[in-house]
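As structure tokens, the structure follows; a few thoughts come after it.
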Amino acid sequence: MRKVKMLFVCGAAAALMLAGCSSQNTETTAAETEATTAAEEDVPQGTVVLGQYKGIEVTPMDTTLTDEDVEERIQNIVDANPDIVEVDRAAQDGDTVNIDYVGKKDGEAFDGGTAEGYDLVLGSDSFIDGFEDGLIGAKKGDQLTLDLTFPEDYANTELAGQAVTFDVTVNAVKEEQPAELNDEFVQKMNPDSDITTVEQYRESIRTSMQESLDSQALIQKQNDVLEAVISNCQFSDIDARVEQEFQDQWEQINNMAAIYGMDIEMYAAMSGATSVDEFQEMVKEDVSNGIKLELMMNAVAEAEGITLTDQDYAELAESNGAESADELIEQYGAEMVDEAALQIKVMNFLTDNAVEV
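Each number in our numbering corresponds to the 1-based position in the sequence shown with 1 added.
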């Protein structure tokens with residue numbers, strides 16, 4: 002069995018479930034709603050017989066963080082943020098030149114073609130062909146006129162294919178130099194923070210890395226618990242529901258592919274499948290797992306007498322960045338909010354009652 006999709010039962014994943022629901026087409030006529038409801042009522046919703054769901058044994062992920070791990074992360078950050086230092090030499094490919102420029106067509110400046118103090122990385126292809134190449138070899142203080150032509154397919158039709166000139170003044174030539182981990186670097190990376198020293202920065206990186214590891218460990222534990230509990234269950238009468246929900250989701254997938262201008266083969270490849278048939282099997286298995294997850298969680302909630310409180314709704318709202326559950330209900334509907342809140346609570350119950358070995 003593929004890993005159960007954790008759409009709404011861990012951490013910020015509640016937001017994923019609600020956001021996913023909102024991406025579907027919600028413009029439905031009353032007749033369509035009645036037809037859908039009638040069709041759903043004709044399809045068995047499935048039943049489940051719970052197996053063991055408390056005392057599930059799981060192997061926790063190692064969340065040990067070493068000093069070497071922290072130093073490696075910091076060094077990667079330092080390497081990725083070199084100093085940009087002014088140099089007294091001719092500009093080379095990869096340098097940053099600070100320039101003023103005025104673009105002219107038929108001797109008149111055109112809209113959007115003028116700037117002062119602009120930092121341009123040579124070789125970035127940020128400007129039209131010939132502009133950046135024309136600045137290779139230029140030095141601070143140089144004034145150049147570049148004779149160029151806009152591409153035929155340029156977005157501005159008034160300039161597309163037109164011959165123009167750019168009068169350019171080079172204010173500075175700068176190059177990348179390796180940064181050094183010091184308080185100045187820390188303050189540059191955290192301009193609006195109270196973190197001002199290397200030691201404070203090191204501790205903040207350690208804290209962030211540890212939180213990430215702990216979050217990954219929780220997600221792994223939740224997935225392992227879910228997979229075990231579902232494997233211990235016996236499900237009946239779900240095939241028709243799986244097929245119906247698969248067909249609905251497959252239609253949505255095809256519509257989404259069309260919106261993005263893709264055929265279904267391309268969409269399948271982007272989803273990691275090697276063929277449309279494999280993609281269909283992946284989608285159907287996800288649908289099946291989702292139905293099993295729903296049936297199992299509802300059964301656990303009933304068996305344990307798990308009900309929702311105002312605090313549960315408040316926590317769901319907070320995890321979704323909403324001021325209140327009413328805001329979520331208005332956007333997604335009461336049924337969807339109830340389902341999300343209950344599944345989070347059941348997931349916490351199952352995880353709390355698991356045994357680490």
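Each residue gets a CB set at the ideal place from its N, CA and C atoms; glycine is no exception.
Give every residue of the same chain whose Cβ lies closer than 7 Å to the Cβ of residue i, excluding the five residues on either side of it in the sequence, and list them in chain order.
i: N299; result: none
i: A241; result: V44 and P45
i: D120; result: T97 and N99
i: P83; result: E177, Q178, P179 and A180
i: A32; result: Interpretation of A32 is limited by its pLDDT of 46, a score under 50 that renders its predicted location unreliable; no figure is taken from the coordinates.
i: F132; result: L147, L149 and F167
How would you write the range of the alpha helix (DSSP H) that residue i sits in, first residue to last?
i: S205; result: V199 to S232
i: S272; result: No alpha helix (DSSP H) holds S272; DSSP gives it neither H nor E.
i: V288; result: V277 to E305
i: K189; result: D184 to M190
i: M337; result: A335 to D353
i: I254; result: D240 to I260
i: Q312; result: D311 to S320
Using the beta-carbon count (16 or more within 10 Å), is residue i buried or exposed?
i: D313; result: buried
i: Y333; result: buried
i: V301; result: buried
i: Q344; result: buried
i: Y261; result: exposed
i: K293; result: buried
i: T37; result: Below a pLDDT of 50, predicted positions are generally treated as unreliable, and T37, at 49, falls in that range; the measurement from the model is reported next regardless. Its Cβ having fewer than 16 others within 10 Å, T37 is exposed.
i: E340; result: buried
From the DSSP secondary-structure annotation, give me the bridge partner or partners of residue i.
i: G104; result: F167
i: N99; result: D120 and A173
i: V88; result: DSSP lists no partner for V88.
i: M178; result: Looking at the sequence itself, residue 178 is Gln, so the reference to Met does not match. D84, per the DSSP bridge assignment.
i: Q53; result: BP columns for Q53 are empty, so no partner.
i: A110; result: K105
i: E58; result: V356
Who are the near neighbours of residue i in its chain, counting only those whose CB is closer than 8 Å to its CB and skipping five residues on each side?
i: V1; result: Here the chain has residues from 2 to 358 only, and residue 1 is not among them.
i: E328; result: A318
i: P152; result: I129, D130, A161 and G162
i: W251; result: Q281 and V284
i: D68; result: none
Quick one: residues in its chain with C-beta nearer than 6 Å to the C-beta of residue i, no 5 flanking neighbours on either side, listed in chain order?
i: E117; result: D101
i: A173; result: E87, N99 and K141
i: G114; result: G104
i: S237; result: T48
The beta strand (DSSP E) spanning residue i covers which residue range?
i: D148; result: Q144 to T150
i: S237; result: Q235 to S237
Would you call the stretch 98–106 and the stretch 160–175 touching, i.e. three or more CB-CB distances under 8 Å? yes
Using 8 Å as the threshold, is the stretch 193–204 in touch with the stretch 83–93, meaning 3 or more CB pairs across them? no
At least 3 beta-carbon pairs within less than 8 Å: the stretch 196–213 vs the stretch 278–286: no
Do the stretch 91–100 and the stretch 123–138 touch if we need at least three Cβ pairs shorter than 8 Å? yes
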